[in-house]
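Report on the structure given below.
Number of protein chains: 2
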Amino acid sequence: MTEYLLTGCGGFVAAHYLEYLAQADFDGQVLGVGTTAPAQVPTKLRFRFEKINLLDFEELSLLVRAVQPKFCVHLASMSSVADSWTHPKTSFVNNTNIFLNLIEAIRTYSSETRILSIGSSEQYRTKDVSTQPLTEMDLMAPNSPYAVARCAQEWLGKAYVAGYGLDIVMTRSFNHIGPYQDSRFVLSGFSRSFAQALINGEKTVNLTVGDLDVVRDFLHVRDVVRAYEAILHGASKGDVFNVCSGRGVRLFKALDVLSRLSGLNYDTEIDKSLLRPMENRSVIGSHDAITVALGWTPSLNFEESMSDLLTYWIESLAV
Amino acid sequence: MTEYLLTGCGGFVAAHYLEYLAQADFDGQVLGVGTTAPAQVPTKLRFRFEKINLLDFEELSLLVRAVQPKFCVHLASMSSVADSWTHPKTSFVNNTNIFLNLIEAIRTYSSETRILSIGSSEQYRTKDVSTQPLTEMDLMAPNSPYAVARCAQEWLGKAYVAGYGLDIVMTRSFNHIGPYQDSRFVLSGFSRSFAQALINGEKTVNLTVGDLDVVRDFLHVRDVVRAYEAILHGASKGDVFNVCSGRGVRLFKALDVLSRLSGLNYDTEIDKSLLRPMENRSVIGSHDAITVALGWTPSLNFEESMSDLLTYWIESLAV
């Protein structure tokens, strides 16, 4: 029997999820699905990849019926807010409709499966900085196509729990950072630029940037995975938890950290195309709820996380 | 040039919309689209029907680009809460995804079009009866797949207004009643049963019912259309208005009204399959906002509305 069904198994978080399971000596079956296989899988993990289109309900249903996993960790998503403004339909469909396909297939063919649904800090109303850090009681007010998709996902999850008794646990995840992260995400992109400059022997990094004055809550992806496991194994059906560091970092400060870690200076030039409509100024979460309920706390601080990310890029680019 | 693009033109509200436009001597072009043509169209209206699948983005885009309507009145929907529990995916896709296709096609090919987006009272959190009547400031807390779809629709609408400057005006519409309404909707079904009994010469109507203790806010569909026209021509971009009568009616009371109007007695038997998961106990709206902003008020009261509905069924069934 397959214990974990992992969607989006070729992605950034999934890579760390597989490492986590291997390090925890998990000896059950893991079935990864999605459009791409993981770049690498820890050898001791009993892992199998199946390429499927999660938008194809028939295909997904056949698989769910055959496998009936104990857990479904649903990591597949298009998680870029910026991309949701350039391709709103693609973003929405690949978040909400995929999720709806998944829970409908599980409701129909494997109703005992526990599902971990990943939401986003973008769901919150964040106009008013004085209300931060954001707790799970704060209001939803999605202001991008991506945020709407995530809100719809959470509400569908809640309706499936209340109306059908499905076993869904949910997160509102804040920004992640860590090795393997695509350089389109801001701090991974900056780290890549610093790593490239180091490799090239340059003294100064020239960066094309968007709005560096925004504040975000960045959590190391390994802590993200630890939180997901805590929720998957400890939360009550229908629970929703913030997954965050609890600290806000202004993007300017992240550049100072990279400068200190690398010993390089930097220059910035603003590219207006990187400015998003209605950017949230500040997004900081509270992890009090998950800490109280499940005992989870972050284990890596911001500097450690950035150091990990920079090291990853140095190793990747030096190859 | 086509002035009105009417989606869902074969439906209940659309029938009244076309009558309204004819009675108002509207002399522009009306293009109706959807899966079915209207059963009848007022002869003096310049109306054309085109059968299209609103889920087919290419097809819809071609049409929007060719037509570039001044107004798009988006009436196409699957508006049954009960059906959304039996077919959640179909309900969601045929509400939210159709809407997203429409606004994306209009954003891309006809960005000056003003769009009327229809939402629902089901979007509100209604646990606490003391907060009623519901105003536009009350919280969203969708608790059915249908309600989630309508919330997502409104949020997408707001994101398209704020992020792209699209001209969308929105409603949260409460229950409608009136001629042509499908008998699956509760008061139309009851009216049909009373009409059939009258025609059969029976003294007592036997009704199979769900929960008769719930309270809903019913508005005559002709008043609904008047409100939609007021919003379409008078609201500011991004506005959202309740469309409702402002009065709550317990379903029991509706049966008493039908009994009085018809002179018949009635017996009820509860069918548990008609009970919905998590039924909202009471849903009553406030129309203060639209009254203050646009001068709209209901013109027909509940008894007049029921009388109209009963007459419609008597005429339909007597044929």
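Chains A and B supply the protein sequences, listed in that same order. So for the first sequence, the working numbering puts the first residue at 1; every next one is plus one. So for the second sequence, the working numbering puts the first residue at 1001; every next one is plus one. Glycine included, C-beta positions come from ideal geometry on N, C-alpha and C.
Residue of the options minimising C-alpha distance to residue i
i              : options                           : result
residue 1219/B : 1191/B, 1185/B, 1268/B and 1300/B : 1300/B
residue 317/A  : 309/A, 199/A and 247/A            : 199/A
residue 1063/B : 1249/B, 1108/B, 1046/B and 1240/B : 1108/B
residue 1212/B : 1221/B, 1187/B and 1026/B         : 1187/B
residue 180/A  : 3/A, 9/A, 5/A and 295/A           : 9/A
residue 1099/B : 1086/B, 1286/B, 1150/B and 1132/B : 1150/B
residue 344/A  : 222/A, 144/A and 117/A            : Absent from the model: residue 344/A. The displayed extent of chain A is 1 to 319, so no value can be given.
residue 1113/B : 1091/B, 1233/B, 1153/B and 1131/B : 1233/B
residue 1085/B : 1288/B, 1279/B, 1296/B and 1287/B : 1279/B
residue 4/A    : 26/A, 11/A, 16/A and 12/A         : 26/A
residue 148/A  : 37/A, 121/A, 192/A and 242/A      : 121/A
residue 294/A  : 235/A, 246/A and 264/A            : 235/A
residue 1217/B : 1225/B, 1176/B and 1018/B         : 1176/B
residue 298/A  : 210/A, 286/A and 117/A            : 286/A
residue 247/A  : 132/A, 101/A and 72/A             : 132/A
residue 46/A   : 18/A, 71/A, 60/A and 268/A        : 18/A
residue 1141/B : 1070/B, 1126/B, 1302/B and 1255/B : 1126/B
residue 1271/B : 1146/B, 1154/B and 1206/B         : 1206/B
residue 42/A   : 16/A, 75/A, 262/A and 11/A        : 16/A
Cβ of residue i within 8 Å of any chain A Cβ
i              : result
residue 1121/B : no
residue 1033/B : no
residue 1099/B : no
residue 1104/B : yes
residue 1244/B : no
residue 1166/B : no
residue 1089/B : yes
residue 1063/B : no
residue 1159/B : yes
residue 1293/B : no
Assigned exposure category for residue i - 16 Cβ within 10 Å defines buried
i              : result
residue 1281/B : exposed
residue 67/A   : buried
residue 1275/B : exposed
residue 40/A   : exposed
residue 1/A    : exposed
residue 319/A  : exposed
residue 273/A  : exposed
residue 79/A   : buried
residue 1158/B : buried
residue 172/A  : buried
residue 1190/B : buried
residue 204/A  : exposed
residue 1058/B : exposed
residue 7/A    : buried
residue 1178/B : buried
residue 1138/B : buried
residue 1315/B : exposed
Contact with chain B by residue i, beta-carbon distance below 8 Å
i             : result
residue 72/A  : no
residue 76/A  : no
residue 280/A : no
residue 9/A   : no
residue 148/A : yes
residue 210/A : no
residue 272/A : no
residue 12/A  : no
residue 163/A : yes
residue 92/A  : yes
residue 133/A : no
residue 144/A : yes
residue 156/A : yes
residue 152/A : yes
residue 85/A  : yes
Opposing strand residues paired with residue i [DSSP bridges]
i              : result
residue 285/A  : 134/A
residue 74/A   : 7/A and 117/A
residue 220/A  : 177/A
residue 29/A   : 2/A and 46/A
residue 140/A  : 124/A
residue 1241/B : 1171/B
residue 205/A  : 266/A
residue 250/A  : 215/A
residue 189/A  : Answer is none; residue 189/A lacks a bridge partner.
Anticipated Cβ contact below 8 Å, residue i with residue j, distance rounded
i              : j              : result
residue 54/A   : residue 34/A   : 7 Å
residue 14/A   : residue 28/A   : Between residue 28/A and residue 14/A the Cβ distance is about 16 Å, and since that is not below 8 Å, they are no contact.
residue 238/A  : residue 168/A  : 7 Å
residue 224/A  : residue 302/A  : Wrong, their Cβ atoms sit about 14 Å apart, outside the cutoff.
residue 1095/B : residue 1077/B : 5 Å
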